[in-house]
Amino acid sequence: MASSPLKKFSGAARPSFKKRHSIQGSKKALYWMSLPALSLYVFLFLMPVLNNLRYALTKWDGIEEPEFVGLDNFKKLATDDDLATKVLGNNIEFMFWVVIFQTGFALLFATYLVKNTRTTLFFRTLFFFPTILSSVSVAMIWLFLYDPNYGAINTTFKKIGLDSFALNWLGSENSALYAIIFVQVWFHTGQMMVIYIAGLQQIPAELYEAANVDGASRWQQFKSVTWPMALPTSAVVVAYTTIQSFRAFDLVYATTQGGPNNETSILTTMIFQTAFNEFRFGYAASQSIIMVIMIFLITGLQKRILRTRY
Amino acid sequence: MKTKGTNSFSARRIGAVAAIAFALVATLLPSAFAAGEAFGKACTVEGASTGTSNTSLVCKAGSNGKLTWQRVRLASAYGAPAPALRAPKGSIEFHHWRGAEDGATFDKIIALFEARNPGAKIKQVVMPSGDYTNLGYSKIRTNNKAAVFATFRGSQFVQFAKGDMMTDLTAERFTRQNVIANGLIPGQYEGKQLGIPLHYLFNNPVYNTEIFAKEKWELPKNFTGLLNWCKAAKAAGYTPLAWSGGFRPNAGQMLNSMLMNSAPNYATLEKRIEDIDTGKADLQTAWFKDMAGRYKQMADAKCFPDNATGVTDAAAINLFATGKSPVIPTGSFQMGAIKTVNPAMTGKMQLFSLITTDEKPQYVGIQNNTFILSVNKNASTTDQKIARAFISFMLTGEIASIYANGTSQHVNVLDATYTNQDLINTSVWQSKKTLLAPRFLWLNQGVRDLMEDALIAIVGGKPIDATLEDYSKQIKQKLS
Chain G
575 MASSPLKKFS GAARPSFKKR HSIQGSKKAL YWMSLPALSL YVFLFLMPVL
625 NNLRYALTKW DGIEEPEFVG LDNFKKLATD DDLATKVLGN NIEFMFWVVI
675 FQTGFALLFA TYLVKNTRTT LFFRTLFFFP TILSSVSVAM IWLFLYDPNY
725 GAINTTFKKI GLDSFALNWL GSENSALYAI IFVQVWFHTG QMMVIYIAGL
775 QQIPAELYEA ANVDGASRWQ QFKSVTWPMA LPTSAVVVAY TTIQSFRAFD
825 LVYATTQGGP NNETSILTTM IFQTAFNEFR FGYAASQSII MVIMIFLITG
875 LQKRILRTRY
Chain D
2 MKTKGTNSFS ARRIGAVAAI AFALVATLLP SAFAAGEAFG KACTVEGAST
52 GTSNTSLVCK AGSNGKLTWQ RVRLASAYGA PAPALRAPKG SIEFHHWRGA
102 EDGATFDKII ALFEARNPGA KIKQVVMPSG DYTNLGYSKI RTNNKAAVFA
152 TFRGSQFVQF AKGDMMTDLT AERFTRQNVI ANGLIPGQYE GKQLGIPLHY
202 LFNNPVYNTE IFAKEKWELP KNFTGLLNWC KAAKAAGYTP LAWSGGFRPN
252 AGQMLNSMLM NSAPNYATLE KRIEDIDTGK ADLQTAWFKD MAGRYKQMAD
302 AKCFPDNATG VTDAAAINLF ATGKSPVIPT GSFQMGAIKT VNPAMTGKMQ
352 LFSLITTDEK PQYVGIQNNT FILSVNKNAS TTDQKIARAF ISFMLTGEIA
402 SIYANGTSQH VNVLDATYTN QDLINTSVWQ SKKTLLAPRF LWLNQGVRDL
452 MEDALIAIVG GKPIDATLED YSKQIKQKLS
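Here is the structure:
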């Protein structure tokens, strides 16, 4: 009647009543321990989000009692707000060019600077440097550089005889958005480059050795090894850049405040303007919901493209 | 004993009356005659005054309709300016937006206040003006320690008043006896004095007197003269007006002068602006179109900088401070910043009448009463008492003088003495017929921004009709 080792084992695996009780107690304690963080999340995130949804259905000036208007704010946004349509277009254009150039340059720099040498470390630091500046400082620097009459850019163009390139960068409807796109790319490429470098350094060296043995050129190595292996990193970089370009409030606000003629207004500046300048908090809440939906849609689409193609 | 006492009292009273009478004569006569104006003598500009002291003369029509220099009560009540209130112990915050311009002077004033009110502490909390316009309300609303704060005249003041954020200062002695009554109007809401406007500033262009003297230019007296002067200044290699078309808040300051003589009277102007502000009229209305046309004429006469729509505020200040531009069309409030860039500009600045009519102008300049000081209704009783004491302190002649001279800013306070050369030079404007800045009659900031953007676009070369139509549509959509 000696008990089998298996039975013994299973008997040992089942904790005693006292122990079980103690485990359940620990589980309860764990739930209690998560309570402070959960309450913070509920109060600081969930409740404002739910409140935002509620305010989006009201007409509210931030002072008097909100007046329920149903879906009127969304109807107006969709049918009777040329500015919102224009701003949405601006934001999509802004995002499109920023994602393309920022991702492209970040990957290019990362490819060249992936190895750890003194020179690459120097260049990595150089390219990363703008990221550590505050966006308002960056805006101030570029405001001086872009000055149409005395700025360094136009002065240089004029000195080398390229007068036709000396534009009214931030004051002209044709160039203002692109001037800010350039600054945004300059500002954040270094940050994305670092993410790419971390990703590229995970690619096994054997793959490149094999490609070398097969006589693959540098471009072929990039196409067949680097790019496919860097796709997960690219997905992160593209998603992050997209969200960043929807949130580029400070840079736009400090350079042009959305002007001229709202050509550089993006969704965040419009929402800020609607809420804090015009005191139409209900309408601003509905605009913010549209912005969140846009980010979800675009990042979802990007994720899908990156997954299905590779 | 009683008789002796009475006699003694009467003698003292007579002595006191004589002393006061002598003091009045001694102070009134020289000040009045020194300026060439005397009590009862004829004057020409109704509303003009010899200054802002308790003894100044004002040009007023008598019962016979003739304009003469008269002694009127400048404050809203009789009596000498009240001394500062005593503050209880405690600490409060003072929120405002003029950190760069006034921060150091306020530090000095606060130190004096704290020295005279032991145990009372005030901490300055400063935000840049743009942020203050947008976020000041929510920050102060959620901070009971912000017991004293400043607001801009117009939409921001109304926002705070609607939000029931300010205590009523109507009955305070400092309100009635220390401040020029006319200057109190922007701090009133629904019959209550909810704030005291500290500043008495001029939203007129500022000009460089040295350049005008060197070039032997005369100040333009009408719109044709202005256009001709712009052409002459441009030909001489200057940027006539250092206008910051790339920075709406200051580009819009010129609107005050553009509106100044655009209506037959102030009531009409007020009505016209209210109609646009509330959507009863749009920007295509004849009077606004006419004003927009004047902007275009000025642009055609090369009054504005090249690439005007891209010129930032800093660039405009630099243009003026470095002598590349003889006029900056913003206001006296920028004199401090100009002198920071170029201290040599001290004493070389004077206010410029930007006249946009060829007929006889009704007004020659713009005056504004802003930086409205209020006590936070949500602060504790003790904190409110400190706040009140601080405001009363600011409104004494002594402290107002320190503030004015330290910040190159005229004040709305009786008996302030100006020693700052630029303030002395421009004090003469307090005796000219000026209009209360009409730009701040737009209470809807969103409408005002779009209206100003339309004018900036027109200066930038956009066609008037299409631009006004486009922006009118945007305003209509915003108001619907």
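Line order of the protein sequences matches chains G and D. Going left to right, the first sequence walks through residues 575 to 884 as the working numbering numbers them. Going left to right, the second sequence walks through residues 2 to 481 as the working numbering numbers them. Glycine residues also receive a C-beta, built at the ideal position from the N, C-alpha and C atoms.
What are the start and end residues of the beta strand (DSSP E) that includes D/K325?
The count along the second sequence starts at 1 and reaches residue 325 of chain D at position 324. Unbroken run through D/K325: none, as it is neither H nor E.
Identify every run of the alpha helix (DSSP H) within the stretch 100-182 of chain D, keeping only runs that are complete inside it and at least 4 residues long; order them along the chain.
100-117, 130-142, 156-163, 174-178
Does the CB of D/P484 have a neighbour CB from chain G at under 9 Å?
Nothing can be reported for residue 484 of chain D: it is not among the residues displayed for chain D, which extend from 2 to 481.
Within the chosen definition, does the stretch 91-100 of chain D reach the stretch 141-149 of chain D through at least 3 CB pairs nearer than 8 Å?
yes
So which residues on chain G does D/R295 lean against when the C-beta distance must stay under 9 Å?
Residue 295 of chain D sits at position 294 when you count from the first residue of the second sequence. Residues of chain G with a Cβ closer than 9 Å to the Cβ of D/R295 do not exist; the shortest Cβ-Cβ separation is about 20 Å.
In the DSSP assignment, find the alpha helix (DSSP H) that holds D/N251 and state where it starts and stops.
Here residue 251 of chain D corresponds to residue number 250 of the second sequence, with the count starting at 1. Note, D/N251: alpha helix (DSSP H), 249-252.
Under 9 Å from the C-beta of G/P622: neighbouring residues of chain D
Against the first sequence, residue 622 of chain G aligns to sequence position 48. Per Cβ cutoff of 9 Å: no residues; G/P622 is ~14 Å from chain D at best.
How far does the alpha helix (DSSP H) with G/S808 in it extend, from its first residue to its last?
Counting from one through the first sequence, the residue named residue 808 of chain G turns up at place 234. From DSSP, the alpha helix (DSSP H) with G/S808 extends over 805-820.
Using the DSSP secondary-structure output, state which residues sit across from D/H200 in a beta bridge.
Residue 200 of chain D sits at position 199 when you count from the first residue of the second sequence. In the DSSP output, where bridge partners are listed per residue, D/H200 has D/V412.
Should the stretch 739-756 of chain G be called in touch with the stretch 651-662 of chain G, which here means at least 3 C-beta pairs below 8 Å?
With the cut-off at 8 Å, the stretch 739-756 of chain G and the stretch 651-662 of chain G do not touch.
Member of G/E638, G/A611, G/T693, G/L631 whose CA lies at the smallest distance from the CA of G/G644
By 1-based counting over the first sequence, the position of residue 644 of chain G is 70. When only C-alpha atoms are compared, the closest one is G/L631.
Hey, how far is the Cα of D/G137 from the Cα of D/F391?
Position 136 of the second sequence, counted from the first residue, corresponds to residue 137 of chain D. Position 390 of the second sequence, counted from the first residue, corresponds to residue 391 of chain D. In this model, D/G137 and D/F391 are separated by some 20 Å (Cα to Cα).
Looking only at its chain, what residues have a beta carbon closer than 6 Å to the beta carbon of D/M255, apart from the 5 residues adjacent to it on each side?
Translated into the one-based positions of the second sequence, residue 255 of chain D becomes position 254. Same-chain partners within the cutoff: P330.
Span of the beta strand (DSSP E), counted from its first residue to its last, around D/I373
As a working note, residue 373 of chain D is residue 372 in the second sequence. D/I373 -> beta strand (DSSP E) spans 373-376.
Could you tell me the alpha carbon to alpha carbon distance between G/R628 and D/N377, rounded to whole angstroms?
By one-based count along the first sequence, residue 628 of chain G stands at place 54. By one-based count along the second sequence, residue 377 of chain D stands at place 376. Going by the C-alpha atoms only, they are around 30 Å apart.
Cβ of D/K163 within 9 Å of any chain G Cβ
Start at 1 with the first residue of the second sequence, and residue 163 of chain D comes out as number 162. Yes, because at least one Cβ of chain G sits closer than 9 Å to the Cβ of D/K163.
Using a Cβ-Cβ cut-off of 9 Å, state whether D/Y138 counts as contacting chain G.
Translated into positions along the second sequence, residue 138 of chain D becomes position 137. Using beta-carbon distances, D/Y138 counts as an interface residue toward chain G, with a partner under 9 Å.
What are the residues of the stretch 819-844 of chain G that lie near chain D, defined by any Cβ-Cβ distance shorter than 7 Å?
Along the stretch 819-844 of chain G, the positions whose C-beta sits under 7 Å from a C-beta of chain D are Q831, G833, P834, N835, read in chain order.
I believe G/T848 touches G/Y857 by the beta-carbon criterion, under 8 Å. Please report the beta-carbon distance rounded to the nearest angstrom.
Numbered from 1 along the first sequence, position 274 holds the residue referred to as residue 848 of chain G. Numbered from 1 along the first sequence, position 283 holds the residue referred to as residue 857 of chain G. Confirmed, about 6 Å.
State the DSSP-derived secondary structure class of D/P231, mapped to helix, strand or coil.
Looking up residue 231 of chain D in the second sequence gives position 230. Pro is not the amino acid found at residue 231 of chain D; the sequence shown has Cys there. The answer is helix: DSSP assigns D/C231 an H, G or I state.
Quick check on G/L719: does DSSP put it in helix, strand or coil?
Here residue 719 of chain G is taken as the residue at index 145 of the first sequence, counted from 1. In this structure, G/L719 counts as helix in the three-state DSSP scheme.
Per DSSP, what kind of secondary structure is G/F642 in: helix, strand or coil?
Along the first sequence, one-based indexing puts residue 642 of chain G at 68. Here G/F642 sits in strand by DSSP.
Reference G/N665, options G/Y605, G/Q818, G/S600, closest by Cα:
Here residue 665 of chain G refers to the residue found at position 91 of the first sequence. G/N665 has its Cα closest to that of G/Q818, out of G/Y605, G/Q818, G/S600.
Where D/E453 falls: helix, strand or coil (DSSP)
Numbered from 1 along the second sequence, position 452 holds the residue referred to as residue 453 of chain D. Helix.
For D/Q368, count neighbouring C-beta atoms within 10 Å of its own C-beta (all shown protein chains included) and say buried if the count is 16 or more, exposed if not.
Translated into the one-based positions of the second sequence, residue 368 of chain D becomes position 367. Label assigned to D/Q368: buried.
Cβ of G/I769 within 9 Å of Cβ of G/A680?
Position 195 of the first sequence holds residue 769 of chain G. Position 106 of the first sequence holds residue 680 of chain G. Cβ atoms of G/I769 and G/A680: closer than 9 Å.
According to DSSP, simplified to helix, strand and coil, what is G/V757?
Numbered from 1 along the first sequence, position 183 holds the residue referred to as residue 757 of chain G. Note: G/V757 maps to helix in three-state DSSP.
Within the stretch 589-664 of chain G, note down every full alpha helix (DSSP H) run reaching 4 residues or more, in order along the chain.
Inside the stretch 589-664 of chain G, DSSP marks whole alpha helix (DSSP H) runs of 4 or more residues at positions 591-615, 621-629, 646-653, from first to last along the chain.
Check the DSSP bridge columns for D/S92 and list the partner residues they point to.
Sequence index remark: in the second sequence, residue 92 of chain D carries index 91 (1-based). D/S92 is bridged to D/K122.
Quick check: the stretch 782-801 of chain G against the stretch 715-729 of chain G, are at least 3 beta-carbon pairs closer than 8 Å?
Output reads no: the stretch 782-801 of chain G does not touch the stretch 715-729 of chain G.
According to DSSP, D/R72 sits in a beta bridge with which residue or residues?
On the second sequence, position 71 is the one that residue 72 of chain D refers to. According to DSSP, which records beta bridges pairwise, D/R72 is partnered with D/L58.
Distance CB(D/D278)-CB(D/L437) smaller than 9 Å:
Position 277 of the second sequence, counted from the first residue, corresponds to residue 278 of chain D. Position 436 of the second sequence, counted from the first residue, corresponds to residue 437 of chain D. No, Cβ-Cβ distance for D/D278 and D/L437 is not below 9 Å.
Is G/V637 near D/Q160, with beta carbons less than 9 Å apart?
In the first sequence, residue 637 of chain G corresponds to position 63, counting from 1. In the second sequence, residue 160 of chain D corresponds to position 159, counting from 1. Note that residue 637 of chain G is Ile in the sequence shown here, rather than Val. Closer than 9 Å, so yes.
For G/R750 and G/T659, which I take to be in contact (beta-carbon distance under 8 Å), what is that distance rounded to the nearest angstrom?
By one-based count along the first sequence, residue 750 of chain G stands at place 176. By one-based count along the first sequence, residue 659 of chain G stands at place 85. Contrary to the premise, residue 750 of chain G reads as Ala rather than Arg in this sequence. Between G/T659 and G/A750 the Cβ distance is about 18 Å, and since that is not below 8 Å, they are no contact.
Compute the Euclidean distance between the alpha carbons of D/N406 and G/R692, then round it to the nearest angstrom.
By one-based count along the second sequence, residue 406 of chain D stands at place 405. By one-based count along the first sequence, residue 692 of chain G stands at place 118. Roughly 57 Å separates the two Cα atoms.
Does the Cβ-Cβ distance between D/R440 and D/L86 come in under 9 Å?
For the purposes of this step, residue 440 of chain D is taken as residue 439 along the second sequence, with counting starting at 1. For the purposes of this step, residue 86 of chain D is taken as residue 85 along the second sequence, with counting starting at 1. Contact flag unset, no.
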